[in-house]
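Step one of this worksheet: look at the structure below.
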Amino acid sequence: MGSGLKIVVFGAYGHTGRFVVAQLVERGFVPVPSGRDAEKLKALAFASELSGPSGSSGWPGLDDYRPASVDDPASLDRALAGTAAVINCAGPFATTAAPLIEAALRAGIPYVDVAAEIEANVDTFTHFADRARTAGVLIVPAMAFYGGLGDLLTTAAMGDWTTADEAHVAYGLSGWHPTPGTRTAGVVSRERRGGGRVVYTNGRLELRHDTSPTQEWPFPAPMGTRAVIGEFTMADVVTIPSHLSIPEVRTYMSLEAARDLSAPDTPAPTPADESGRSAQTFLVDVVVRKGGSERRAVARGQDIYAITAPLVVEAVDRILTGRTRAGAETVGVASAGAIFDAAEFLRALSPHIQ
Ligand SMILES: NC(=O)c1ccc[n+]([C@@H]2O[C@H](COP(=O)([O-])OP(=O)(O)OC[C@H]3O[C@@H](n4cnc5c(N)ncnc54)[C@H](OP(=O)(O)O)[C@@H]3O)[C@@H](O)[C@H]2O)c1
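Using my numbering, the first residue of the sequence shown is number 53, and each one after it goes up by one.
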């Protein structure tokens, strides 16, 4: 359990940030809400749905909210002062990741984010690996549904393999009601790649300008075979090859979800249960191949935004209690699969993930 350690959540009042705040409280941490809008932070601190048994904000620490702007390093230093780690839930990460990482390096605390922007994740590895190692700080980008879960499943599926020929991560979502943050992240990423799309092939990211292929993917029962967009490239193409020698990494998205995401009028997610989760269900099916052999790992659950909270909080808990994979370098920039014992991490996520 979190033992009352203070954890900053930057972007705390966003859709994902709120799930993370709730999860930190549930795990015994003290969330320190931060973000650029003081009024939204105040509203979060005193939100009735977050009220605990002791009234007012109810939850410890929420009234210690700390407005901060990525344009003002001193405000970020004040936000991180006296805390054990920072979780960045504010996207676009093209704008927020570097200033928050700089602040974490100055404070000497771990930084974990939920970035699904491929370019921002690449930047984090490229620009901060050496500096974080020198500072003795651990940075874990994409510690979320996209980028984190696929990497953990791939690493678990690999078992004793250290190399493979191919990894395939197929996302079977019942649908996808995107948040404004997801839509903005998509726009920023598309702009950064000049309207093209990226594919991870021959051991590197390749920019393409043709249309993504549509194909069928044999999801396990009861979902069964579904139409998917092939080469629907997600953050896993950064996290998986960051530590596993696999020259071909492909990600796929169920057609319904891809259509929801691209339709301009698809609504934002709405709560379907008391924890605020939407009714969306997901199945992540990972296949790794080497020679003639194939290994598989599968995860099922509800709501891709909500599941990000137990993923990122489990990561912070493990970092702060030294529960990293034997032999893993615990400073620098590392993905979930590189730094944690993947099978053990996934088991700890039950019952959130089946
Ligand atoms: N990898 C994954 O699986 C995964 C999962 C969940 C979320 N995400 C990513 O996390 C991000 C947030 O998603 P969400 O669902 O929480 O979206 P959201 O509800 O729209 O919230 C976005 C949050 O980011 C903040 N923000 C945006 N630009 C900012 C800036 N320049 N400085 C400070 N704060 C800023 C917003 O604050 P204001 O209201 O003040 O603008 C808000 O708190 C998105 O990029 C999304 O793609 C990824």
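All residues carry an ideal CB built from backbone N, CA and C; glycine is no exception.
- Nearest in C-alpha terms to T215, of all of I191, S294 and A194, is S294.
- As the crow flies, the alpha-carbon of S345 is around 10 Å from that of V339.
- Of the residues S226, R341, R311 and L114, the one whose Cα lies closest to the Cα of S264 is R311.
- The beta carbon of L257 sits closer than 7 Å to the beta carbons of V250 and V289 from its chain, once the five residues preceding and following it are set aside; these are given in chain order.
- For N140, DSSP records a beta bridge to F62 and D165.
- Only buried fits A149, as 16 or more other CB atoms lie within 10 angstroms of its CB.
- A residue is called buried when at least 16 other Cβ atoms come within 10 angstroms of its Cβ; N140 meets this threshold and is buried.
- The beta carbons of A358 and V192 sit no closer together than 9 Å.
- Sequence-distant Cβ neighbours of P272 in its own chain, meaning closer than 7 Å and more than five residues away, are D337 and V350.
- When the five nearest sequence neighbours on each side are left out, the beta carbons in the same chain lying within less than 6 Å of the beta carbon of A361 are those of F71, V72 and Q75, in order along the chain.
- In this structure N173 is buried. Its beta-carbon is surrounded by 16 or more other beta-carbon atoms within 10 angstroms.
- In the DSSP assignment, F180 falls outside any beta strand (DSSP E) and lies within the alpha helix (DSSP H) extending over I170 to A187.
- Residue P321 holds the alpha-carbon nearest to the alpha-carbon of P232 among H220, L128, P321 and P162.
- Between P162 and A131 a beta carbon distance of about 15 Å is seen, past the 8 Å cut, so the two are scored as non-contacting.
- Between the segment 297-304 and the segment 216-228, the count of Cβ pairs shorter than 8 Å is three or higher; the stretches touch.
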